[in-house]
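Chemist: Submitted below is the structure of interest, expressed as structure tokens.
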Amino acid sequence: MLKYILKRVLIFLPTLVVISLLTFVISINAPGDPVESMLNQNVGGEGRSGEKLANEKTYNEKRKELGFDLPMFYFSITNSTYPDTLHRIPKKAHRETLNRLSFEYGVWANVSAYYHALRALESKIFELMPNEDNSSKIRNLKDNINLLYINYDEKKMMQTIENIEFDIFKDSNIKQTCENDFYDFKNSYEHMLINKKISNRYKPVFYWYGLNNQYHRWISGFLVGDFGISYQDKRPVSSKIFDALKWSMILSVLSIFIAYIVAIPLGVKSAVDKGKTSEKIITTLLFLLYSLPNFWVATMLIQYLGDGDGLGWFPTHGLGDLPESAPYWDRFFETAYHFILPLFCLTYASFAFISRQMRGGVLNVLEMDYIRTARAKGLKNKVVVWKHAFRNSLIPIITLFANIFPAAISGSFIIEVIFSIPGMGQLTLQAIFQRDYPIVFTVLMFSSILTLIGILVADIMYAFVDPRISFSNKK
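Using my numbering, read the sequence shown as starting at 3 and increasing by one per residue.
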């Protein structure tokens, strides 16, 4: 058994590496700019030159603090159009545009010269002093500059450059300040177009970056419990997750415990009483519960049993409002009272599914020869069912049990949102809507790890409940 467990763990390790790589790739390709999300600003959009420089400095410092100025991975295998220094460009939108331009025109040096000329022209435009005559032109110039940062279509770029030229040369003051930089920019653009080199797309190159890269920084932090910083409130992700995890764990563990304690005996009884009236009644009631969506049941319970317009038997929101200084048992019973309705909504649908799995397993075992032998020996039906049949019919239940580990931490966002429980489901849902990716991908990693642990635990439990299952190579 120990040898088998060690072998499975060794198999899980490369699986986790692959999962971490997929998670990382998804995270770096997620929409939005994480640095702007943390700073809650659109750097460089409006304002004077000094303000723009201050914003860019703040942006670059935060980007470096988060490690986004590093290469993505240990190495890169790409074509000759892709530079090994693109990660040094601060803005994500700029990097994406430059990458497309580099692929389109084939020579990174020319694309880089175009980008720096565009930056120089932008700096000159931000030095202009707006007045009643030129404020609209300056605003148009800034808007068109921003368009060039995200455009890589040749026709759109040419049209935008023509618009910039028109606004610059229409005003003498603007022309005096920006003329030289505009011509430098226009020449760099034309040079990029004329010296196009498509053949570089088909020349492979290998870049080695070493350990100082974003993936290594991320996975090293994850392994020591540093999951990053929330984009929304700047709190450590570990703190936010552990605050929410305890409530989801309590709800999930209680729900699973109650579901198994109730559904397993019901499943065994349904198998033993197959075809009887009692079995039909139990089956009908369980499937009736299973057919009811939990959000509808939750709404009905709040409406009729809650403390709003209903009977007021149960609280319907939150976990109670007793302060931390209140006696422990007062807070315990207050929280338990608030858990009654969400716990029921989280549990009732499991009764039908688990009981039917248990029923099928027991019926299958009751048809086996060793059960007939046990009955022929004169053993009581209760002993036959619970001592001999029950243990060997647990295989489907153990298979279901493998899913408990990820479910215990993921929570139920529907129930948690309806009942205002600050658990993992609600936290993850909010993180998705707010694009708070460090939380989303940490939950994804934990769910994957716990899924693998669940599979390993299930395999071990198979051997304990069914002696016919062996993990050794002996025949």
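Where is the CB? At the ideal position from N, CA and C, for every residue including glycine.
Sort Asn146, Lys382, Pro317, Thr80 by Cα distance to Glu164 and report the nearest one.
Modeler: When only C-alpha atoms are compared, the closest one is Asn146.
Chemist: Would you kindly report the start and end of the unbroken beta strand (DSSP E) that includes Ser254?
Modeler: It is not in any beta strand (DSSP E) - Ser254 instead sits in the alpha helix (DSSP H) that spans 239-274.
Chemist: With distances taken between CB atoms, is the gap from Tyr76 to Gly227 smaller than 8 Å?
Modeler: No. Outside cutoff.
Chemist: Return the CA-CA distance between Ser22 and Val459, expressed in angstroms with no decimal places.
Modeler: In a straight line, the C-alpha of Ser22 is about 22 Å away from that of Val459.
Chemist: Could you spell out the range, first to last residue, of the beta strand (DSSP E) harbouring Pro206?
Modeler: Run containing Pro206: 206-210, per the beta strand (DSSP E) assignment.
Chemist: Out of curiosity, what's the CA-to-CA distance linking Lys278 and Ala376?
Modeler: Computed Cα separation, rounded: 23 Å.
Chemist: So does the region 326-341 actually touch the region 356-363, counting three or more Cβ pairs closer than 8 Å?
Modeler: No contact exists between the region 326-341 and the region 356-363.
Chemist: Would Met426 be called buried (16 or more neighbouring beta carbons within 10 Å of its own) or exposed?
Modeler: Met426 should be labelled buried.
Chemist: Counting C-beta neighbours from all protein chains within 10 Å, is the total for Thr349 16 or more, i.e. buried, or is it exposed?
Modeler: When all chains shown are included, Thr349 counts as buried.
Chemist: Grab the span of the alpha helix (DSSP H) containing Ile397 for me, first residue to last.
Modeler: Counting along the chain, the alpha helix (DSSP H) containing Ile397 begins and ends at 397-403.
Chemist: Touching or not, the region 77-93 and the region 196-210, by the rule of three or more beta carbon pairs under 8 Å?
Modeler: Taking 8 Å as the limit for Cβ pairs, the verdict is that the region 196-210 does touch the region 77-93.
Chemist: Spatial neighbours of Ile140 within its chain, please: C-beta separation below 6 Å, excluding the five flanking residues on both sides.
Modeler: Cβ within range, chain order: Leu130, Pro132.
Chemist: Kindly give me the distance between the Cβ atoms of Leu446 and Thr25, rounded to whole angstroms, as I take these residues to be in contact under 8 Å.
Modeler: 6 Å between Cβ atoms; contact.
Chemist: Can you have a look at Ala111 and say buried or exposed, based on whether 16 or more other CB atoms are within 10 angstroms of its CB?
Modeler: Its Cβ having fewer than 16 others within 10 Å, Ala111 is exposed.
Chemist: Relative to the C-alpha of Phe184, which candidate in Ile196, Leu195, Asp169 has its C-alpha closest?
Modeler: Selected option, being the one with the closest Cα: Asp169.
Chemist: Check whether the region 386-398 touches the region 312-319, taking contact to mean three or more Cβ pairs, one atom from each stretch, closer than 8 Å.
Modeler: Verdict: no, contact absent.
Chemist: Under 8 Å: do the region 382-390 and the region 283-300 share three or more Cβ pairs, one atom per stretch?
Modeler: No, the region 382-390 is not in contact with the region 283-300.
Chemist: When burial is assigned at 16 or more other CB atoms within 10 Å of the CB, is Leu343 buried or exposed?
Modeler: Buried, by the Cβ-count rule.
Chemist: By DSSP's criteria, Asn81 is part of a beta bridge. Which residues make up the other side?
Modeler: Answer by DSSP bridge pairing, in chain order: Pro206.
Chemist: Along the chain, where does the alpha helix (DSSP H) that runs through Ile28 open and close?
Modeler: Residues 4-30.
Chemist: Please return the same chain residues whose Cβ sits closer than 8 Å to the Cβ of Val239, not counting the five positions on each side in sequence.
Modeler: Taken in chain order, the residues that qualify are Phe229, Gly230, Ile231, Ser232, Pro440, Ile441, Thr444.
Chemist: Using DSSP with H/G/I as helix, E/B as strand and the rest coil, what is Ile231?
Modeler: Three-state result, Ile231: strand.
Chemist: List the whole-angstrom C-beta distance separating Ala300 from Phe105, where the pair is believed to meet the contact cut-off of C-beta under 8 Å.
Modeler: With a Cβ gap of about 51 Å, Ala300 and Phe105 do not count as contacting.
Chemist: Under the assumption that Phe297 contacts Ile152 (Cβ atoms under 8 Å), give the Cβ distance between them as a whole number of angstroms.
Modeler: Actually they do not touch by this definition, with Cβ atoms about 40 Å apart.
Chemist: Please report the Cβ distance between Gly456 and Asn405, rounded to the nearest whole angstrom; I am assuming they are in contact, meaning their Cβ atoms lie under 8 Å.
Modeler: Their Cβ separation, rounded to whole angstroms, is 6 Å, which keeps Gly456 and Asn405 in contact under 8 Å.
Chemist: Does Thr87 pass the burial test, meaning 16 or more other C-beta atoms within 10 Å, or should it be called exposed?
Modeler: It counts as exposed.
Chemist: Does Ile339 come out as helix, strand or coil in the three-state DSSP assignment?
Modeler: In the sequence as presented, Ile is not what sits at residue 339; that position holds Tyr. Looking at Tyr339 - three-state DSSP - the assignment turns out to be helix.
Chemist: Can you tell me where the alpha helix (DSSP H) with Pro36 in it begins and where it stops?
Modeler: 36-41 is the span of the alpha helix (DSSP H), which, as asked, contains Pro36.
Chemist: Specify, as a first and last residue, the run of the alpha helix (DSSP H) that Met160 falls within.
Modeler: Its alpha helix (DSSP H) spans residues 156-172.
Chemist: Between the Cα of Pro85 and those of Lys126, Leu143, Arg102, spot the shortest distance and give me the residue it belongs to.
Modeler: Per the Cα distances, Arg102.
Chemist: Hey, Leu253 and Phe341 are a contact pair by Cβ (cut 8 Å); roughly how many whole angstroms apart?
Modeler: Yes, they are in contact, since the Cβ atoms of Leu253 and Phe341 sit about 7 Å apart, within 8 Å.
Chemist: Report back the beta-carbon spacing between Val113 and Asn197 to the nearest angstrom; my notes put them in contact at under 8 Å.
Modeler: About 10 Å; that fails the 8 Å criterion.
Chemist: Expressed to the nearest angstrom, what Euclidean distance is found between the alpha-carbon atoms of Ile399 and Ser280?
Modeler: C-alpha separation (whole angstroms): 23 Å.
Chemist: Beta-carbon separation of Phe353 and Ala261 under 8 Å?
Modeler: Taking 8 Å as the Cβ cut-off, Phe353 and Ala261 qualify as a contacting pair.
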